[in-house]
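Visitor:
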Amino acid sequence: MPGLGQAMKTYPVYLNGEWLVTTDSVGVVNPASEDIIGRMSQVERRHVVQALEDAHKAFAGWRQITGRGRGEILERIADEVHRRREELARIITLENGKPIAQSQGEVAMAEDHLRWFAEEARRVYGRVVPPQNESKRHLVIKTPMGVVAAISPWNFPLVLAVRKVAPALAAGCPVILKPARQTPLSAVTFAECVHAAELPAGVFQLVAGNAAEIGREFLDNPLCRKITFTGSTEVGRKLIAGAAARVKPLSLELGGNAPLLVFDDCSLDDAVKGTLLAKFRNTGQSCIAANRIYVQRGVYPAFLQSLTEKVVALKVGDGIDPQTQIGPLIDRAAVDKAAEHVNDAVNGGAKLLCGGHPLKREGFFFEPTVLADVGRNSLCMFEETFAPVAPLTCFDTEREAVALANNSDYGLSAYVFTNDMKRMFRLVESLEAGMIGVNDGLPTTSQCPFGGVKQSGWGRELGREGVDAFLDTKHISLQLD
Ligand code: NAP
47 MPGLGQAMKT
57 YPVYLNGEWL
67 VTTDSVGVVN
77 PASEDIIGRM
87 SQVERRHVVQ
97 ALEDAHKAFA
107 GWRQITGRGR
117 GEILERIADE
127 VHRRREELAR
137 IITLENGKPI
147 AQSQGEVAMA
157 EDHLRWFAEE
167 ARRVYGRVVP
177 PQNESKRHLV
187 IKTPMGVVAA
197 ISPWNFPLVL
207 AVRKVAPALA
217 AGCPVILKPA
227 RQTPLSAVTF
237 AECVHAAELP
247 AGVFQLVAGN
257 AAEIGREFLD
267 NPLCRKITFT
277 GSTEVGRKLI
287 AGAAARVKPL
297 SLELGGNAPL
307 LVFDDCSLDD
317 AVKGTLLAKF
327 RNTGQSCIAA
337 NRIYVQRGVY
347 PAFLQSLTEK
357 VVALKVGDGI
367 DPQTQIGPLI
377 DRAAVDKAAE
387 HVNDAVNGGA
397 KLLCGGHPLK
407 REGFFFEPTV
417 LADVGRNSLC
427 MFEETFAPVA
437 PLTCFDTERE
447 AVALANNSDY
457 GLSAYVFTND
467 MKRMFRLVES
477 LEAGMIGVND
487 GLPTTSQCPF
497 GGVKQSGWGR
507 ELGREGVDAF
517 LDTKHISLQL
527 D
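All residue numbers for the sequence shown refer to our numbering, where the first residue is 47 and numbers rise by one.
#1: Please list, in chain order, all residues of the same chain as Ile123 whose beta carbon is under 6 Å from its beta carbon, the five residues on each side excluded.
#2: Within its chain, find whatever has a CB closer than 6 Å to the CB of Val394; leave out the 5 residues flanking it on each side and keep chain order.
#3: Whole angstroms are fine: how far does the CA of Ala479 sit from the CA of Cys219?
#4: Which two residues bound the contiguous alpha helix (DSSP H) that contains Val374?
#5: Check whether the Cβ atoms of Val341 and Leu450 sit closer than 7 Å, and answer yes or no.
#6: When you compare each of Trp504, Val308 and Cys494 to Asp158 by their alpha carbons, which one comes out closest?
#7: So, helix, strand or coil for Ile111, using DSSP?
#8: Who are the Cβ neighbours of Glu511 in its own chain at under 7 Å, not counting the five residues just before and after it?
#9: Which residue marks the beginning of the alpha helix (DSSP H) containing Thr321, and which one marks its end?
#10: From the DSSP output, read off the bridge partner residues of Met86.
#11: Short of 6 Å in beta carbon distance, which residues of its chain neighbour Asp442, apart from the five on each side in sequence? Order them along the chain.
#12: Just to confirm, does Ala226 get its C-beta within under 6 Å of one of the non-hydrogen atoms of the ligand ZN?
#13: Just reading off the alpha helix (DSSP H) that Glu430 is part of, what are its end residues?
#14: In chain order, what residues of the same chain lie with their CB nearer than 6 Å to the CB of Thr464, ignoring the 5 residues before and after it?
#15: Does the beta-carbon distance from Pro434 to Gly330 come in below 7 Å?
#16: Considering only residues of the segment 375-442, which uninterrupted alpha helix (DSSP H) runs meet the minimum length of 4 residues and lie entirely inside it, listed in chain order?
#17: For Tyr456, is the classification buried or exposed, using 16 other Cβ atoms within 10 angstroms of its Cβ as the cut-off for buried?
#18: Exposed or buried, what is Ala380 when buried is set at 16 or more other beta-carbons lying within 10 Å of its beta-carbon?
#19: Taking only three categories from DSSP, how would you classify Phe200?
#20: Helix, strand or coil for Val448? Go by DSSP, reduced to three states.
#21: Run through DSSP, which three-state label would Val205 get?
#22: Got a sec? Which residues, its chain only, sit under 7 Å from Val72 by beta carbon, not counting five neighbours each side?
#23: Does the beta carbon of Trp504 fall short of 6 Å from some heavy atom of the ligand NAP?
#24: Between the Cα of Glu64 and those of Ile146, Val253 and Ser149, spot the shortest distance and give me the residue it belongs to.
#25: Going straight from the alpha carbon of Ala247 to that of His102, what length do you get?
#26: Using a Cβ-Cβ cut-off of 7 Å (strictly less than) and excluding sequence neighbours within five positions of Leu245, which residues of its own chain qualify?
#27: Quick one: what's got a C-beta closer than 6 Å to Leu399's C-beta in the same chain, skipping five residues either side?
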């Protein structure tokens, strides 16, 4: 792939081991400048049908390779991602907008996922189960499900794609990846890394195009045995409805609305540092971003003051500048949504301590914002804001805090800042979330499960659970005499 910045270059999809530039393409926009930085090929439905057939053909060979063999290939992909890490980070920043240091972190995490699943490939264990009848023996074995379709979002364009592709490949499944329309170029570069690792043709393919139509083919075509999706709860619901006809298995990583609880007994500096990370990383556009912040009354004034001082000092700008801490949002609609949430909160009586407005410059920038005394029924306390907007309110008792935190249809992540061990255990057991950071603003790691409860999704990625999502469990019963 020639260097980015060639605005009129059309980037290819990757089908059955070949690169294809299609006649139809869409522009990819740099959200910091609003410039088109390249064009992405768009497939037609017939390409998706062919990709599923080619993947199905490749399945027979891929599943026969030992876990160790597949792991070695994943290691080769990881080596290639490592070799091209600076270029990958730059591409992520150009198409997504995030600060370059965070893009570098995303690439490092993607590499780590690849190496984790390379190791997991040889740990796809079954079990031998003691029989009830002495003439019988029972085995449980795990076999790869078959062709997997992976649909990924724009907010972490590389790592969230790898979080699906790597475990599917480790399990022995071929994968077809469909990245988000805003950020396909990181996926093209990742596909180049896969190509360089010499996977058999058809084992990994990349498509881009009309999401509803591609999704429909994945849902309707019986050759596609599983869909793994990360994105909004709204699209997740459509997939659930569409999967009904064929009872197609789905893994769903959907929206969040994470509560962050700060107790009087916390270490204030750690709580402010953790809140900055949980709220403002990726310019607030993370599914596990702290969306609503509840602070106990005793520490509320000091916490507000310290957080606001640090937020005011955040450097906003083009993510390519290494000094930048807050980049642009993904598009104009995201800026409008942030403004709507802030206005709604202020109209409801919240105090604007800093920020609160779109920046008057090119690009989709919104000022880092702190809101105090936000009404409990404000939009930003119920909907994902997906922007650098921190809404705060205070509470008195632990019971009240838990009730507020759990008063949501979502349950992806939650954050707790406390130094009381007993309280910590009470909280982690009662908070309705799939991941809880205790004095930790960034809980994600390759070796632990990632996913949510309630309307935040079905299933888990990463950890030991990551590969399991792509395996069928079979019971073998042996009659000996
Ligand atoms: P989105 O609009 O749901 O899009 C996600 C992906 O789904 C994109 O590739 C999109 O393609 C595709 N898509 C859209 N309509 C589809 C359809 N009818 N059938 C099949 N695929 C379809 O979400 P987003 O705005 O990109 O991402 C933000 C959301 O993702 C937030 O809610 C965030 O919380 C959530 N998220 C969750 C996690 C998690 O792990 N739980 C992680 C990150 C993000 P196009 O781009 O081509 O439309």
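Here a beta-carbon is modelled for each residue, glycine too, at the ideal position from N, C-alpha and C. A quick note: this is a predicted structure, and the numbers were derived from the prediction, not measured.
Guide: If we stick to the structure as given:
#1: Contacts found: Leu160, Cys239, Val240 and Ala243.
#2: Val is not the amino acid found at residue 394; the sequence shown has Gly there. Once the five neighbours on either side are set aside, the close Cβ partners of Gly394 are Gly421 and Ser424.
#3: Each residue's Cα considered, the two are about 30 Å apart.
#4: It is Pro, not Val, that sits at residue 374 in the sequence shown. First-last for Pro374: undefined, no H or E at that position.
#5: The answer is no: Cβ separation not under 7 Å.
#6: Cα-wise, what sits closest to Asp158 is Cys494.
#7: Ile111 carries a coil assignment under DSSP once its states are collapsed to helix, strand and coil.
#8: For Glu511, where only same-chain residues beyond five positions count, the Cβ hits under 7 Å are Pro495.
#9: Per DSSP, Thr321 belongs to the alpha helix (DSSP H) from Leu314 to Phe326.
#10: Tyr57 and Val72, per the DSSP bridge assignment.
#11: Counting only Cβ-Cβ distances below 6 Å, and skipping sequence neighbours, we find Arg343.
#12: The ligand ZN is absent from the structure shown, which contains only the ligand NAP.
#13: No alpha helix (DSSP H) contains Glu430, which DSSP labels as neither H nor E.
#14: Contacts found: Phe309, Asp311, Cys312 and Met470.
#15: The beta carbons of Pro434 and Gly330 sit closer together than 7 Å.
#16: Runs of the alpha helix (DSSP H) inside the segment 375-442: 378-393.
#17: Its Cβ being crowded by 16 or more others within 10 Å, Tyr456 is buried.
#18: Counting C-beta atoms within 10 angstroms of its own C-beta, Ala380 has 16 or more neighbours from the protein chains shown and is therefore classed as buried.
#19: Just to set this straight, residue 200 is Trp in the shown sequence, not Phe. Trp200: coil per DSSP, three-state reduction.
#20: Reduced to three states, the DSSP call for Val448 is helix.
#21: In the structure shown, Val205 adopts helical secondary structure according to DSSP, grouped into three states.
#22: Arg85, Met86, Gln88 and Arg227.
#23: For Trp504, the shortest separation between its Cβ and any heavy atom of the ligand NAP does not lie below 6 Å.
#24: The residue with the shortest Cα to Cα distance from Glu64 is Val253.
#25: Ala247 and His102 have their C-alpha atoms some 11 Å from each other.
#26: Closer than 7 Å at the Cβ level, and outside the excluded window around Leu245, lie Ile119.
#27: So the list reads Thr354, Val416 and Ala418, once near-sequence residues are dropped.
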